[in-house]
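> Just so we're aligned: the sequence shown equals residues -27 to -1, 1 to 442 in mature numbering (1 follows the signal peptide of the UniProt record, and there is no 0).
Ideal Cβ positions, reconstructed from N, Cα and C, are used throughout, including at glycine.
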Amino acid sequence: MRLLRTTALLTAAAVGATLAAATTAAAAPGVSWGPCPDDPEDTEVRCASLTVPLDWANPSGDTIEIALARRAGTNPIGTLFFLPGGPGDSGVNRLLRGDPVPSEIADRFDVVSFDPRGTNRSNPVVCDADLVRTMPDANPEAGATLADVRDYARALGASCREHTGALVDHVDSASVARDVDAVRTALGERRLSLYGRSYGTLAGQMYAELFPNRVRALALDSVFDHSLTPTRFLETEAATGEDSFREFAEWCAETAECALHGEDVAAVYDGLYGKAVAGVLTDPTNPARLVGPMELVQQTVNYFYGPRWPEAAAYLDSLARGSARSAPKAAEEVAPFPVAAFCADHRVSIRSEREWLALWQKQKRMAPTLRTHFAWLPVSMCSAWPAATPNPQHRPNIDVPVLVLNSLHDPATGYEWARNVTRQIDRARLLTYEGWGHGVIDRTECTRAVGAAYLVDLRLPARGARCPA
């Protein structure tokens, strides 16, 4: 998962945003590629749209438009479909910025991707802007209550339904997988090779469940474990965030360029967290703005994605000193995290305030320094999200060869998830990158070689395969 600050949980906040209207027209066959509206001068990437059912259970009903992009390979053997993360990342943008896979792979495929339904150019879920701006911190140590979070979730969900319509009930990963198969049909491909990253690995798993005979190859990079209960999900998220913080603190102790070198990094963070909970931690770039505890957690963990440890240290140092001069650029907001899509894939039942607080303590025990993970807010909101959960948590039912890739120290999709998913898929092999950060395939010559051997030549690595950092 690649997540943004909690203030950007929804893809489109402005009520007046233009929507592609749902229609009852039949899905058009074929794909007509042309210049991309966002970059018409780019001759390497071509764009298109495809009409698909809003509700795949009612294929003759209303429809939506899915935005597509393609970058042709130099010597292609077929189509490689890239499944972006988030949920809410834009595959179209990824292709416009460059190939989401290394050249050893991209040269051998026509790489196709999309903006998944409910995001970006594909009928984005649209909600009231004022409600999005007033998203609660949701940290009980700062006074948040489950009742307040639930009231907010219900109000926000109602506004999303008012401004988006029935699509809010159909933004789950199984529906996304069916959209992918509609693209396959339109392209005239008998089978697809798929590369999913982060939350996109869930759509990849669903595609293999629903359409096993249409999978040529499936690579799951920084894999999402959809089998977990809400409790275990939060515990493992907190644990992997804490692991990344420990790795960062060790680097800082050994590296003179770290802005906190020679200091107790955990103690610095602890002091900042205490101020954030008390409501007195200010943004050094805007002293009138307070930094809440969940924002502190979110921003700190965001820096671990790269990882961008020097910037993480500078960020914490700037907060501690109250000095804008040392404040780095905010961690890149690489993908939004639409709560509607997450809740469509996760059924959460929290019966009382007492149970919610017990859940907080369980995940906090896994992260004694960070205290929590940014996953806390969406899980809490899903307990009252007023929309369907068509694709609830379950073990994958997959019988195709799968390559799983994961960092040993990933701040969002922890290594435990990768081991779990590999065990759950009989024909899966795990490639362990013995390093840090989120996203593996383009890390080193070793990871690129293993990725290419599988996606191009269908050669899985040996069991226990590892690539050094």
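1) Along the chain, where does the beta strand (DSSP E) that runs through Ala190 open and close?
2) Select from Val274, Ser171, Gly247 the residue whose C-alpha is nearest the C-alpha of Glu215.
3) Using the DSSP secondary-structure output, state which residues sit across from Leu53 in a beta bridge.
4) Less than 7 Å between the beta carbons of Ser325 and Phe277, yes or no?
5) May I ask you to report which of helix, strand or coil DSSP gives Phe310?
6) Would you call the segment 85 to 92 and the segment 59 to 66 touching, i.e. three or more CB-CB distances under 8 Å?
7) Is the beta carbon of Val196 less than 7 Å from the beta carbon of Thr386?
8) Going by CA-CA distance only, name the one from Leu378, Glu182, Glu38 that's closest to Arg402.
9) Suppose you measure from the CA of Ala287 to the CA of Ala232; what does that come to, to the nearest Å?
10) Since Ser22 sits in a beta bridge, which residues does DSSP pair it with?
11) What first and last residue would you give for the beta strand (DSSP E) that runs through Val377?
12) Output the boundary residues of the beta strand (DSSP E) element that contains Cys440.
13) How far does the alpha helix (DSSP H) with Arg70 in it extend, from its first residue to its last?
14) Here's the rule I'm using: 16 or more other beta-carbon atoms within 10 Å means buried, otherwise exposed. How should Leu350 be labelled?
15) In the DSSP assignment, find the unbroken alpha helix (DSSP H) run with Tyr288 in it and report its ends.
16) Would you mind working out which of Leu428, Glu77, Asp83 sits nearest Glu162, comparing C-alpha positions?
17) Select from Ala211, Ala438, Asn364 the residue whose C-alpha is nearest the C-alpha of Gln336.
18) If contacts are defined as beta-carbon pairs under 8 Å, then Pro369 and Ile398 qualify, I think. What distance do you get, rounded to the angstrom?
19) Between which two residues does the alpha helix (DSSP H) holding Trp409 run?
20) On the CB-based measure, 16 or more other CB atoms within 10 Å of its CB, does Val110 come out buried or exposed?
21) Evaluate contact between the segment 71 to 85 and the segment 101 to 118, counting only Cβ atoms and requiring at least three cross-stretch pairs below 8 Å.
22) Strictly by DSSP, which residues pair up with Cys9?
23) For a quick check, are the C-beta atoms of Arg157 and Arg189 less than 7 Å apart?
24) Heavy atom of the ligand COA less than 6 Å from the Cβ of Ser86, yes or no?
25) Determine the extent of the alpha helix (DSSP H) in which Arg123 is found, giving its start and end residues.
26) Just to confirm, are Ile39 and Val18 a CB contact at a threshold of 7 Å?
27) Is the beta carbon of Leu191 closer than 7 Å to that of Leu175?
28) Exposed or buried, Arg416, counting other C-beta atoms within 10 Å across all chains shown (16 or more means buried)?
29) Please return the same chain residues whose Cβ sits closer than 6 Å to the Cβ of Ser95, not counting the five positions on each side in sequence.
30) Nearest by alpha-carbon distance to Val373: which of Ala360, Pro185, Pro203, Glu284 is it?
31) Tell me the residue span of the alpha helix (DSSP H) that contains Pro260.
32) Taking the alpha-carbon positions, what's the Val375 to Leu193 distance?
33) Taking Tyr180 as part of the alpha helix (DSSP H), name the residues at either end of that continuous run.
34) With a Cβ-Cβ cutoff of 7 Å, do Arg432 and Ala438 count as a contact?
35) Pro10 and Trp333: beta carbons closer than 7 Å?
Straight from the coordinates:
1) Segment 188 to 194, the beta strand (DSSP E) holding Ala190.
2) The shortest Cα separation from Glu215 among Val274, Ser171, Gly247 belongs to Val274.
3) Answer is Val84, Ser166.
4) Not closer than 7 Å, so no.
5) Unreliable positioning characterises Phe310 in this predicted model, as indicated by a pLDDT of 47, which lies under 50. A coordinate reading is not provided.
6) By the Cβ test, the segment 85 to 92 is in contact with the segment 59 to 66, since at least three Cβ pairs between them sit closer than 8 Å.
7) The answer is yes: Cβ separation under 7 Å.
8) The residue with the shortest Cα to Cα distance from Arg402 is Leu378.
9) Taking the straight line from one Cα to the other gives about 6 Å.
10) In the DSSP output, where bridge partners are listed per residue, Ser22 has Ala40.
11) Where Val377 is concerned, the enclosing beta strand (DSSP E) stretches over 375 to 382.
12) Unbroken beta strand (DSSP E) run through Cys440: 439 to 441.
13) Following the DSSP letters along the chain, one finds Arg70 inside the alpha helix (DSSP H) bounded by residues 64 to 70.
14) The residue in question, Leu350, is buried, as its Cβ has 16 or more Cβ neighbours within 10 Å.
15) According to the DSSP assignment, Tyr288 belongs to the alpha helix (DSSP H) that extends over 282 to 294.
16) For Glu162, the nearest C-alpha among the options comes from Asp83.
17) That would be Ala211, whose Cα lies nearest to the Cα of Gln336.
18) The Cβ separation is near 6 Å, so the contact holds.
19) Run containing Trp409: none in the alpha helix (DSSP H); it sits in the beta strand (DSSP E), 401 to 409.
20) The sequence as given places Asp at residue 110; Val does not occur at that position. Of the other Cβ atoms in all chains shown, 16 or more fall within 10 Å of the Cβ of Asp110; this residue is therefore buried.
21) As far as the Cβ criterion goes, the segment 71 to 85 does not touch the segment 101 to 118, which means the pair count is below three.
22) Asp12.
23) Against a cut-off of 7 Å, the Cβ pair of Arg189 and Arg157 comes out as no contact.
24) This structure lacks the ligand COA; in fact it carries no ligand of any kind.
25) From DSSP, the alpha helix (DSSP H) with Arg123 extends over 119 to 137.
26) With respect to Val18, Ile39 sits apart: the two C-beta atoms are not nearer than 7 Å.
27) No Cβ-Cβ contact shorter than 7 Å links Leu175 with Leu191.
28) Arg416 is buried by the Cβ-count criterion.
29) The residues are Ile39, Ala40, Asp88.
30) Of Ala360, Pro185, Pro203, Glu284, the residue nearest in Cα terms is Pro185.
31) Not the alpha helix (DSSP H): Pro260 falls in the beta strand (DSSP E), residues 259 to 263.
32) When rounded, the distance between both Cα atoms is 7 Å.
33) In the DSSP assignment, Tyr180 falls within the unbroken alpha helix (DSSP H) covering 173 to 183.
34) No. Outside cutoff.
35) No, the pair does not count as a contact, with Cβ atoms beyond the cut-off.
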